[in-house]
Amino acid sequence: MGQDQRSRPSTRLRNEFTKTKEYHFMHVRDFDTKGVIHYLGLNAGVSMWRNPARVLSSGVKVTYCDGEGREDPENILEYFNPVNSYTRSGWCLDLGNYYSLRLTDYTLRQRGSNSKNFLQNFKIQGRLNDGDEWSLLNRHYKVNCKLREWSYYGKSGDKIKPVPCKTKTWSVEGELKARRQFQIVQIRDSMPAGAPQMSLAGIELYGVLSVPDFD
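Mind the numbering: the sequence shown is residues 1009 to 1223 in our numbering, read in order.
Structure follows, in structure tokens:
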């Protein structure tokens, strides 16, 4: 039996849990290991951090909104080794059936100093379930992001020379509702002819996360 199967709750438990517990995640600084994505990666990896979208039992999924893009869309959940993925549509993040989030803040990251491919005009939307209408959480135009050096690690665990990354954090205003699915999509009416693909190499979420309580 593989590791993913051992860590997956039984079908009975998944169908019958009614109690939940809540965890509050507050932003301190960009990619501060204090957010929801970092938590999900630790929970999926049990004792070490793993990309939650690459652990079957987590239920977390990332796709391109129109199914088209360059590189793996799951790259946006890589926390410590930033790798860009590219698309003209956007990214869809599904937290799965185990979690719901009342989003308060979110951080986005691009690897590299070139502003041409960064998210300039985009919106972030959320919904609770498949088939629900998407709700607009924020809309952004002409984004100006902070450039910083980011140290990351190779497959052998050796520290690699720092790379430039751009990051920025925004807050969500208004009523906070529980949602499981989020998407970052380009605002098409603001796209000039021949606009380059958007790139993204990281996302972190903050707010109140509800998780099933199996105790």
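Note that beta-carbon positions come from the ideal geometry of N, C-alpha and C, so glycine has one too.
query, result
"Please report how far the alpha carbon of PRO1090 lies from the alpha carbon of LYS1029, in whole angstroms.", "31 Å"
"Is the beta carbon of TRP1057 sitting closer than 8 Å to the one on ILE1192?", "no"
"Nearest-angstrom Cα distance between PRO1060 and LEU1213?", "13 Å"
"Just to confirm before moving on: does the CB-CB distance between GLN1205 and ARG1078 stay below 8 Å?", "yes"
"Using alpha carbons as the reference points, say which of LEU1208, LEU1101, LEU1144 lies closest to ILE1045.", "LEU1101"
"Could you pull out every unbroken beta strand (DSSP E) segment of at least 3 residues lying fully inside the segment 1067–1107, listed in chain order?", "1069–1072, 1093–1095, 1098–1102"
"Assign GLU1024 to one of two classes, buried (16 or more other C-beta atoms within 10 Å of its C-beta) or exposed (fewer than that).", "At GLU1024, the pLDDT of 48 sits below 50, so the modelled position is not reliable and the matter cannot be decided from this model."
"Going by CA-CA distance only, name the one from THR1071, GLY1049, THR1177, LYS1185 that's closest to LEU1136.", "LYS1185"
"I'd like the list of long-range same chain contacts for VAL1216, defined as Cβ closer than 6 Å, with 5 residues on each side in sequence excluded.", "GLU1030, HIS1032, ARG1110"
"Are LYS1069 and GLY1104 close, meaning C-beta to C-beta below 8 Å?", "yes"
"I need the straight-line Cα distance from LYS1131 to LYS1027, nearest angstrom please.", "33 Å"
"Which of the three DSSP states is assigned to ALA1061 in this structure?", "helix"
"For a test of the three-state rule: what should DSSP assign to ASN1051, helix, strand or coil?", "helix"
"Alpha carbon to alpha carbon, how far is PRO1220 from SER1108? Give it in angstroms, no decimals.", "10 Å"
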